[in-house]
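In what follows, a structure is listed as structure tokens, so that the remarks can point back to it.
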Amino acid sequence: MTSFKSKLARLGPLPAERRGSAPLAPAPAPLARDPAAEDDRASAPPPAPPAPCEAAAAAAVPAAAGAVSAAAGEVPAAAAPAEAARPRAAAPGAPAGGGARPSLDELRDRISRIVARGAPPAPRADPARGELPFHVEQTPGGPLYVSRTRSLAAARVGRAPLVAARDADPAMLALLALDPALAGCDVRKALFLDTETTGLAGGTGTVPFLIGLAWFDPGAASAGPLGEPSSDGFVMEQLLLRRLGEEEPILRRLAERLAGASMIITYNGKAFDLPLLRTRYVMNRLPPPPELPHLDLVHVARRIHKARLKTRTLIALEHDVLGRVRVGDVPGGEIVACYAHFLRTGDEEALLGVVEHNAADVLAMVALVGLYGEPLGSLAAGDLAGVAATLRRAGALERAAELADAAVERGGGAAARRARGDIAKARGDKARALSDYEALAAEIDDPAVRLELAKLYEHHVRAFARALDLADQGTAEPEPAQARRRARLRRKLDRATGGAAALALPFERAEAGGAGGARPGAQPAAAPEREGKE
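Here the sequence shown stands for residues 163 to 696, where the numbers follow the working numbering.
The structure is reproduced here in structure tokens:
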């Protein structure tokens with residue numbers, strides 16, 4: 163039976179290898195024809211057919227050799243006779259001798275090495291040399307990629323000038339935030355902060371890859387090219403994480419900015435941005451940043467605009483309150499995918515929209531602080547009603563009453579009247595509260611308004627019949643409380659009507675006594691019970 167080794171020897175030479183792999187051993191020279199040997203082979207009986215396993219192995223060797231040649235980019239010997247004629251070195255691990263061929267196991271090993279090699283990773287982009295507006299600063303913790311711009315003095319976000327935030331009243335901001343710690347802060351030293359992250363779930367797996375900062379810069383005495391004084395403005399600084407694992411320079415720069423600030427201003431930063439950043443400081447074994455008074459504008463916006471706006475996202479506020487429409491903005495749900503694409507391919511264009519989105523968010527916060535810091539001259543009537551209601555919660559009743567009057571005069575509608583009625587009731591001005599609630603009840607059908615009117619009619623006006631009528635229409639109370647209120651009003655109403663009848667009885671008896679005299683031993687009528695006694 164023909165051996166497997168002899169069958170391998172009859173195979174043609176393997177193609178030459180290129181691209182750094184060791185070339186195969188040269189093929190043996192063709193033997194000269196021997197007529198006598200050919201006659202012997204012709205007269206010999208035909209060999210037995212090979213076993214099925216040997217036939218399959220013999221057929222697999224040329225196919226595997228061809229696959230290796232194609233995967234490694236080799237040139238077949240028939241297509242390149244010059245390459246085949248050139249002497250080649252022996253393959254590593256091949257037996258010595260010109261006629262040696264790699265075994266099937268060796269071919270399999272070579273195929274595995276080629277497949278495992280794969281495509282080389284794409285080179286990472288350097289934002290300092292591309293389309294992104296960042297430059298590199300060398301720091302002890304590594305390279306820091308920074309973009310820094312300065313706003314003009316007349317810069318606006320929609321209708322709101324940025325410079326108005328410089329003169330925002332910290333006492334008003336503290337009242338709107340319901341945080342007295344903000345009243346003593348200097349808004350000119352506030353640090354505005356917004357982050358773009360690799361996810362919204364938080365935790366140790368979420369990384370902020372872009373941090374946007376802004377602060378007020380009073381300018382220098384001779385900052386212009388001709389020595390002219392520079393104008394006030396806000397400085398925008400953005401810190402980019404070019405590669406995961408290079409957070410230390412960014413976190414150290416952020417700690418420096420926080421150390422020089424008097425307060426932090428964010429939008430939903432109390433619930434997301436600040437806890438995430440503290441986690442990153444712990445993960446990078448860095449000391450945590452200082453704890454500063456924190457103004458979270460999302461809570462202020464919900465209190466002020468809840469009667470007018472259905473959604474209070476920052477983009478919605480920018481559109482409906484500031485009057486600016488973003489064109490071509492990257493939606494928040496696509497930011498993570500854009501950064502992941504940048505990390506895989508180095509495509510800088512994928513991050514351009516994200517950088518602009520982050521800058522727009524930071525500037526929108528600056529403009530909102532300017533509006534909230536002086537609301538009387540900048541906010542709409544419906545928003546003024548929300549400000550007045552918030553100040554009532556904070557206990558600033560005089561200032562709240564002033565804003566509520568302005569809201570009603572400017573056409574704030576039901577929200578303004580409701581706010582003014584609540585403030586008047588809190589101040590003890592029951593007549594003003596009754597007037598506003600009556601006008602409000604004629605304008606809208608609100609069980610809460612009927613409840614306030616029922617209380618005033620019962621305890622202030624003492625019009626029990628009117629209060630009972632309102633209670634029967636339904637108030638914003640649980641059913642057991644409504645039942646108790648109706649029962650109490652009925653008792654008061656019965657006592658009031660019964661007392662009037664008792665007062666009339668002695669006069670009727672006096673008239674009867676004048677005609678026929680009073681009965682001997684008659685007891686005088688009892689005085690009526692005092693109304694309203696509970």
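Don't be surprised by glycine CBs; every beta carbon is placed ideally from N, CA and C.
The structure presented is a predicted model; accordingly, all values stated were derived computationally and were not measured.
Can you give the Cα-Cα distance for residue i and residue j, rounded to whole angstroms?
i           : j           : result
residue 275 : residue 503 : 29 Å
residue 579 : residue 652 : 30 Å
residue 561 : residue 326 : 21 Å
residue 618 : residue 586 : 12 Å
residue 514 : residue 294 : 6 Å
residue 421 : residue 435 : 17 Å
residue 604 : residue 635 : 14 Å
residue 424 : residue 352 : 5 Å
residue 431 : residue 441 : 14 Å
residue 319 : residue 629 : 50 Å
residue 598 : residue 591 : 11 Å
residue 575 : residue 312 : 41 Å
residue 488 : residue 511 : 19 Å
residue 370 : residue 536 : 33 Å
residue 508 : residue 558 : 55 Å
residue 310 : residue 577 : 43 Å
residue 539 : residue 572 : 12 Å
residue 627 : residue 658 : 10 Å
residue 298 : residue 454 : 29 Å
residue 296 : residue 608 : 56 Å
residue 265 : residue 358 : 56 Å
residue 273 : residue 279 : 10 Å
List the whole-angstrom C-beta distance separating residue i from residue j, where the pair is believed to meet the contact cut-off of C-beta under 8 Å.
i           : j           : result
residue 525 : residue 324 : 7 Å
residue 622 : residue 596 : 7 Å
residue 362 : residue 556 : That belief does not hold up - the Cβ atoms of residue 362 and residue 556 are roughly 32 Å apart, past 8 Å.
residue 360 : residue 501 : 6 Å
residue 554 : residue 610 : That pair is no contact at about 15 Å.
residue 491 : residue 463 : That belief does not hold up - the Cβ atoms of residue 491 and residue 463 are roughly 19 Å apart, past 8 Å.
residue 593 : residue 550 : 19 Å between Cβ atoms; not a contact.
residue 301 : residue 404 : At roughly 13 Å, the Cβ-Cβ gap does not stay under 8 Å, so residue 301 and residue 404 are not in contact.
For residue i, which three-state DSSP category applies?
i           : result
residue 597 : helix
residue 265 : coil
residue 542 : coil
residue 296 : coil
residue 611 : helix
residue 373 : strand
residue 422 : coil
residue 406 : coil
residue 273 : helix
residue 362 : coil
residue 602 : helix
residue 439 : helix
residue 379 : strand
residue 651 : helix
residue 356 : strand
residue 548 : helix
residue 399 : strand
residue 368 : coil
residue 637 : coil
residue 247 : Since pLDDT at residue 247 reaches only 44, below the 50 mark, its modelled position is unreliable, and the value read off the structure follows with that caveat. Reduced to three states, the DSSP call for residue 247 is helix.
residue 199 : Unreliable positioning characterises residue 199 in this predicted model, as indicated by a pLDDT of 46, which lies under 50. The coordinate reading is nonetheless provided below. In this structure, residue 199 counts as helix in the three-state DSSP scheme.
residue 214 : The pLDDT assigned to residue 214 is 45, lower than 50, so where the model puts this residue is not dependable, and the model offers no usable value.
Confirm, please, whether the CB-CB distance from residue j to residue i is below 8 Å.
i           : j           : result
residue 410 : residue 448 : yes
residue 356 : residue 428 : yes
residue 381 : residue 314 : no
residue 547 : residue 566 : yes
residue 644 : residue 517 : no
residue 632 : residue 646 : no
residue 542 : residue 461 : no
residue 402 : residue 307 : yes
residue 474 : residue 467 : yes
residue 485 : residue 648 : no
residue 345 : residue 332 : yes
residue 376 : residue 398 : yes
residue 600 : residue 615 : yes
residue 438 : residue 544 : no
residue 479 : residue 530 : yes
Beta-carbon of residue i versus every beta-carbon of chain D: anything under 8 Å?
i           : result
residue 328 : Absent from the structure is chain D; it holds one protein chain and no more.
Quiz prompt | Complete runs of the alpha helix (DSSP H) confined to the region 299-345 [at least 4 residues] | solution = 332-339
Practice problem: Any chance you could list the alpha helix (DSSP H) runs of at least 4 consecutive residues sitting entirely within the region 454-522, in chain order? | Solution: 459-467, 476-482 and 497-507
Self-check item: Ordered list of beta strand (DSSP E) runs contained in the region 553-579, each at least 3 residues
Solution: Runs of the beta strand (DSSP E) inside the region 553-579: none found.
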